[in-house]
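Mature numbering (1 follows the signal peptide of the UniProt record, and there is no 0) puts the sequence shown at residues -23 to -1, 1 to 513.
Contents: one structure, followed by commentary.
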Amino acid sequence: MVTKLSIFILVSLSLFSFGFVASREFGINLNSSASGIEFPQHPSFNVVSSSVNSGCNHVTSTSMLTREEQTSIDSQDKDDFAQPKEAVKFHLRHRSDGKTTEVKDSVFESTSRDLGRIQTLHTRIVEKKNQNSVSRLAKDGEKTVISSQFELSGKLMATLESGVSHGSGEYFMDVFVGTPPKHFSLILDTGSDLNWIQCVPCYDCFEQNGPYYDPKDSTSFTNITCHDPMCHLVSSPDPPQPCKTENQTCPYYYWYGDSSNTTGDFALETFSVNLTTPSGNSEIKKVENVMFGCGHWNRGLFHGAAGLLGLGKGPLSFSSQLQSLYGHSFSYCLVNRNSNSSVSSKLIFGEDKELLKHPNLNFTSLVDGKENPAETFYYVQIKSIIVGDEVLKIPEETWNLSPQGVGGTIIDSGTTLSYFIEPAYEIIKEAFVNKVKGYPLIQDFPILRPCYNVSGVENLELPSFGITFSDGAVWNFPVENYFIKLDPEDIVCLAILGTPNSAMSIIGNYQQQNFHILYDTKRSRLGYAPTKCADA
């Protein structure tokens, strides 16, 4: 049965911003000026670090591993699964706030944000801002620290909840930051790397639930200096700030497209997490020296969050920084959008032994190396699309990723629907129109197409949908993952839209619900297993 759409029907896991795609689709004039923002000379960019421990001292700490040392260890460990690290497990909570938003309005809003996000991701690839940080470090011949100081055992439990309660479509993760730890809700984003929080003094900040983070209240806050090799991992504001003194702070600028961006000081802090031990007891553990942005200027549609937690492939992301704890994989399992508020989705860092034993676990390769110009995103290589057991006549080269970053397909927890480039999308849409029989076609329903009137129909019969990858793997979806039912109108619509040839294709989180999705960067593969996530 097609999943019924609740008040906020399309829940995504990341931030969105409007761009030219939204303008093209909806006639909205959204001229971007983010890249040309002039930031005032505030004290934070030109003062010395207030912390006794500078970033330079941190790099030479004997208790930490450099990138080269970690690489050496990794090369000796020929098989991560032969000597597995303990997994850490988070909960993603889904709940409704009881608002009375019209279903159609929520469709418009979520789709608009998706389209803006697609433009954002594409622009970041083409312009390669915030992307080639590792190559910059290699060019400078510098080392940097990306590992943590201790080994955890047991499973890590934390609360992630739907952003619906914040008036948002994103998923939020509860994080405790600083010493003493203070609670902040951060947006979870697999499409970006930088972890950041709105910080005092907040010169230009969006409204959030709860107070801003104040580094003066934390004894574990440490500024990274502008001379520190870690400072090369972030892009500086434009124009770059001169590095005049040894202990001067490291300014950063990280953008997500158009009006969404964050600017502030790059720093280190302690993140506290709730660890569930093998005996079932709860225990608070601290993850020290997490690189993050202390944002003093922050703009965009963040809907009450205090900041963002990045899970991309780059070295700045939360997942990359914790690889010494859990290895090179993480996974999540998203429940149905209309699930009861007490039902949790799952986010697991490390090897999930139960998932690896799943009889229907499939893998496809992630596109790496020279074929993937952006280090942040998780690319897969599509070969063909199957609708109603028919392999559609879409040229294979349609799905290729060019060396310039044009095209290709990513899997993204931050985009709601799935989006395919226009030539492929038109063929997919036409295939469904030709194969769906017995339901009146609605001609002028906005945005989503095709849509059908299913009033009085209890058991819908709709064509199957699947993706074949270039390595032979096949991903077949249940109908509730690619058709949306809009109540109370008794309308079902295809949950797939198109993007321009110059953009990328995206497998969104609506298509991922009730699949356990595994990101294994060590073996460069994506796993997916059909799972009743509420029972996982």
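Don't be surprised by glycine CBs; every beta carbon is placed ideally from N, CA and C.
None of the values given here were measured: they were computed from a predicted structure.
(message) If I measure Cβ to Cβ from Val177 and keep anything under 6 Å in the same chain, skipping five residues before and after, which residues do I get?
(response) The residue labelled residue 177 in the question sits at position 200 within the sequence shown. Correct list, in chain order: Tyr189 and Asp191.
(request) Identify, in the order they occur along the chain, each residue of the same chain with its Cβ nearer than 6 Å to the Cβ of Ser169, setting aside the five sequence neighbours on each side. (result) By one-based count along the sequence shown, residue 169 stands at place 192. Gly287 and Gly289, listed in sequence order.
(message) Please report the straight-line C-alpha distance between Phe446 and Ile473, rounded to a whole angstrom.
(response) As a working note, residue 446 is residue 469 in the sequence shown. As a working note, residue 473 is residue 496 in the sequence shown. If you take the alpha carbons of Phe446 and Ile473, they lie about 18 Å apart.
(request) Kindly confirm or deny that the segment 470 to 487 and the segment 393 to 406 touch, where touching means at least three C-beta pairs closer than 8 Å. (result) yes
(message) For a quick check, are the C-beta atoms of Thr240 and Cys203 less than 8 Å apart?
(response) Looking up residue 240 in the sequence shown gives position 263. Looking up residue 203 in the sequence shown gives position 226. No, the pair does not count as a contact, with Cβ atoms beyond the cut-off.
(request) Compute the Euclidean distance between the alpha carbons of Cys428 and Phe454, then round it to the nearest angstrom. (result) Indexing the sequence shown from 1 puts residue 428 at position 451. Indexing the sequence shown from 1 puts residue 454 at position 477. If I take the Cα positions, the gap works out to 19 Å.
(message) Just to confirm, is the Cβ distance from Phe161 to Ile174 under 8 Å?
(response) Translated into positions along the sequence shown, residue 161 becomes position 184. Translated into positions along the sequence shown, residue 174 becomes position 197. Closer than 8 Å, so yes.
(message) Going by DSSP, what residue range makes up the alpha helix (DSSP H) through Ile405?
(response) Here residue 405 is taken as the residue at index 428 of the sequence shown, counted from 1. Counting along the chain, the alpha helix (DSSP H) containing Ile405 begins and ends at Glu399 to Lys412.
(request) Evaluate the contact criterion for the segment 269 to 277 versus the segment 178 to 186: three or more CB pairs, one atom per stretch, below 8 Å. (result) yes
(request) Taking 8 Å as the threshold, find out whether the segment 213 to 224 comes into contact with the segment 295 to 303 through three or more Cβ pairs. (result) no
(message) Taking DSSP's pairing of strands, which residues face Tyr229 in a bridge?
(response) Indexing the sequence shown from 1 puts residue 229 at position 252. Tyr229 is bridged to Gly241.
(message) Which of the three DSSP states is assigned to Ser395 in this structure?
(response) Counting from one through the sequence shown, the residue named residue 395 turns up at place 418. Here Ser395 sits in strand by DSSP.
(request) Tell me, please, which residues DSSP counts as bridged to Val364. (result) In the sequence shown, residue 364 corresponds to position 387, counting from 1. Looking at the DSSP assignment, Val364 forms a beta bridge with Glu367 and Phe442.
(request) In the DSSP assignment, find the unbroken alpha helix (DSSP H) run with Phe295 in it and report its ends. (result) On the sequence shown, residue 295 is found 318 positions in, with the first residue counted as 1. Phe295 to Gln298 is the extent of the alpha helix (DSSP H) around Phe295.
(message) Considering only the alpha carbon of each residue, which of Ile362, Thr247, Cys179 and Tyr303 lies closest to Glu63?
(response) By one-based count along the sequence shown, residue 63 stands at place 86. Comparing Cα-Cα distances from Glu63 to each of Ile362, Thr247, Cys179 and Tyr303, the minimum goes to Tyr303.
(request) Could you tell me which of Ser306, Tyr355, Glu457 and Val320 sits nearest to Leu332, measuring between CA atoms? (result) For the purposes of this step, residue 332 is taken as the residue at position 355 of the sequence shown. Looking at the Cα atoms, Ser306 is the closest of the given residues.
(message) Between which residues of its own chain and Val344 is the CB-CB distance below 8 Å, once the five residues before and five after are set aside?
(response) Here the question's residue 344 lines up with position 367 in the sequence shown. Once the five neighbours on either side are set aside, the close Cβ partners of Val344 are Tyr356, Val357, Gln358, Leu378 and Gly385.
(request) Closer than 6 Å by C-beta to Ala506: which residues in its own chain qualify, once you throw out the five before and the five after it? Chain order, please. (result) Counted from its first residue, the sequence shown places residue 506 at position 529. For Ala506, where only same-chain residues beyond five positions count, the Cβ hits under 6 Å are His335, Asn337, Leu338 and His493.
(request) Could you check which residue in Tyr416, Ser479, Ser322 and Asn486 has the C-alpha nearest to that of Val383? (result) In the sequence shown, counting from the first residue as 1, residue 383 sits at position 406. Considering only alpha carbons, the answer is Ser479.
(request) Would you list the residues sitting across from Gln175 in a DSSP beta bridge? (result) As a first step, residue 175 is located in the sequence shown; it is residue number 198 there, counting from the start. Answer is Gly272.
(message) Using the Cβ count rule (16 or more neighbours within 10 Å means buried), how would you classify Pro228?
(response) Numbered from its first residue, the sequence shown carries residue 228 at position 251. With 16 or more Cβ atoms within 10 Å of its Cβ, Pro228 is classed as buried.
(message) Bridge partners for Tyr459 per DSSP, in chain order?
(response) In the sequence shown, residue 459 corresponds to position 482, counting from 1. Note: Tyr459 sits in no beta bridge, so no partner.
(message) For Glu328, count the other beta carbons within 10 Å of its own beta carbon; 16 or more makes it buried, fewer makes it exposed. Which is it?
(response) Start at 1 with the first residue of the sequence shown, and residue 328 comes out as number 351. Classification of Glu328: buried, given that the 10 Å Cβ count is 16 or more.
(message) Do Phe397 and Pro440 count as a contact pair if the criterion is CB distance below 8 Å?
(response) As a working mapping, residue 440 is identified with position 463 in the sequence shown. As a working mapping, residue 397 is identified with position 420 in the sequence shown. For Pro440 and Phe397, no; Cβs fall outside 8 Å.
(message) In the DSSP output, what is residue 517 paired with across the bridge?
(response) Any question about residue 517 goes unanswered here, given that the chain covers just -23 to 513.
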